[in-house]
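Colleague: Counting from 2, one number per residue, gives the positions in the sequence shown under the working numbering.
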Amino acid sequence: MGCHALERKMVGPSYKDVAKKYATDPSAANKLALKIQQGGAGVWGPVPMPSNPQVNEKEAKTLASWILSLK
Numbered sequence: 002m003g004c005h006a007l008e009r010k011m012v013g014p015s016y017k018d019v020a021k022k023y024a025t026d027p028s029a030a031n032k033l034a035l036k037i038q039q040g041g042a043g044v045w046g047p048v049p050m051p052s053n054p055q056v057n058e059k060e061a062k063t064l065a066s067w068i069l070s071l072k
């Protein structure tokens with residue numbers, strides 16, 4: 002959790018900001034799970050999110066669901 006924090010921006014956005022951004026997106030859990038595993042770039046600015054290949058699909062979905070549950 003070195004790149005994200007619950008309520009404040011670090012290298013990446015706060016988890017709560019991610020939850021807000023995707024609150025109305027019904028496919029958000031799958032999108033975020035994929036980003037957790039494969040990484041991404043451009044959604045939150047120029048700093049890319051590295052991939053996390055050590056996180057399996059079930060773990061990524063659990064993490065994505067937790068992030069989206071934050072209000």
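Note that beta-carbon positions come from the ideal geometry of N, C-alpha and C, so glycine has one too. Bear in mind that the values here come from a model prediction, so they are computed numbers and not experimental data.
Using CA atoms only, rank isn't needed, just tell me which of Ser28, Tyr16 and Cys4 is closest to Ser70.
Modeller: Tyr16
Colleague: Should Pro51 go down as buried or exposed, given a rule of 16 or more other Cβ atoms within 10 Å for buried?
Modeller: exposed
Colleague: If you draw a straight line from the C-alpha of Gly41 to the C-alpha of Lys72, how long is it?
Modeller: 23 angstroms
Colleague: Taking Cβ to Cβ, would you say Gln39 is nearer than 9 angstroms to Glu58?
Modeller: no
Colleague: With the cut-off set at 9 angstroms, would you say Ala24 and Leu64 are in Cβ contact?
Modeller: no
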